[in-house]
Amino acid sequence: MQPELPANSTTAAETTPADVAGTDEIPSYALDDLSELGSYLPPLDDDRLRIAPPAGWHVESRSRDHLARFVRDKTRRVPLPMITVLVEDADFEDLRDLNADNHLEFADFVEDGLEESTREALAEPVGPLILGDVRIVRYVVKKTFERNKKKFAADREVIKTLKRGRVYTVLLDVYPNQLVEFRADAYAVVGGMQLHTPTEAGDASVGTNPAGDDKSDDPVPDEG
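If you read the sequence shown in this note's numbering, its first letter stands for residue 1, the second for the next number, and so on.
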């Protein structure tokens, strides 16, 4: 399935889900079809990775819970859209980096690992996609967030890639029916990922920042 991008995207205008449905071809987008990026952050994940926010987005304070978080509204009066970058060690040894030979295998692994509650909330199925030269697996779920004791509905696109035995997950959270508007922003973050050679000292990474950097009024999902 080829996820839809905003109407100003060349690929979105020329390619639709029907063009690749029922074929063995993995859909793809060129980086030129995605949003522009802002300045790259210092290396993250113990000096392994460099990423950049979409142009016009704001970088949130570092947290123990994620590598990076980008928001459109710097004041956070409007909490979404929001892009969150997570990382974890891959819990398998056979796959270290995604390539043409194991891309579909990784998609199967992601799908098999979904919890039942996530399966029930799926709005778009698990499927492979290529962003520039970055291979990913993505799906969409319906979410309910809570902020200041008030609940609101949201759509979440989950994007996963595998680099050097590390699973990087990018979460795009938006209000219902806004995925197409902001999808190219999240895809640009993933497509622009740059591997970085770790130094002996390394830079501050996930889990090394004081809890005081967390924003207590961030929207919290009701479920994982």
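Note that the Cβ used here is the ideal one computed from N, Cα and C, for glycine as well. These figures come from a predicted structure and were not determined experimentally.
query                                                                                                                                            : result
Measuring alpha carbon to alpha carbon, tell me which of Tyr29, Asp173 and Lys163 ends up nearest Arg69.                                         : Asp173
How many angstroms separate the CA atom of Pro6 from the CA atom of Ala55?                                                                       : 16 Å
I'd like the list of long-range same chain contacts for Ser35, defined as Cβ closer than 8 Å, with 5 residues on each side in sequence excluded. : Pro54, Ala55, Ala184, Asp185, Tyr187 and Ala188
Nearest to Phe182 by CA position, among Ser28, Lys163, Pro27 and Asp33, is which residue?                                                        : Asp33
Counting pairs of beta carbons, one from the stretch 160-170 and one from the stretch 83-103, are three or more of them closer than 8 Å?         : yes
Where does the unbroken beta strand (DSSP E) through Phe152 begin, and where does it stop?                                                       : Lys150 to Lys163
State the start and end residues of the unbroken alpha helix (DSSP H) segment that holds Leu104.                                                 : His103 to Asp112
Are the CB atoms of Val140 and Leu179 within a distance shorter than 8 Å?                                                                        : yes
State the DSSP-derived secondary structure class of Phe92, mapped to helix, strand or coil.                                                      : coil
Can you give the Cα-Cα distance for Ile26 and Arg156, rounded to whole angstroms?                                                                : 22 Å
Are the CB atoms of Asp45 and Leu67 nearer to each other than 8 Å?                                                                               : yes
Specify the secondary structure class of Gly276 as computed by DSSP and reduced to three states.                                                 : With the chain covering 1 to 224 only, the question about residue 276 has no answer from this structure.
Buried or exposed: Val78, going by 16 or more other Cβ atoms within 10 Å of its Cβ?                                                              : exposed
Looking at the structure shown, is Leu179 part of a helix, part of a strand, or coil, going by DSSP?                                             : helix
For the putative contact between Glu60 and Val71, defined by C-beta atoms under 8 Å, what is the C-beta separation to the nearest angstrom?      : 6 Å
Can you give the Cα-Cα distance for Pro128 and Arg50, rounded to whole angstroms?                                                                : 23 Å
Which residues does DSSP list as the beta-bridge partners of Pro54?                                                                              : Leu37
What is the residue span of the beta strand (DSSP E) that Ala68 lies within?                                                                     : Ala68 to Val71
State the start and end residues of the unbroken alpha helix (DSSP H) segment that holds Glu116.                                                 : Glu116 to Ala121
Which one or two residues does DSSP pair with Tyr168 in a beta bridge?                                                                           : Val87 and Thr161
Look at the alpha carbon of Pro125 and the alpha carbon of Leu104, and state the distance between them as a whole number of angstroms.           : 14 Å
Just grab the DSSP bridge partners of Thr226 for me.                                                                                             : This structure gives no information on residue 226, because the portion of the chain shown stretches from 1 to 224.
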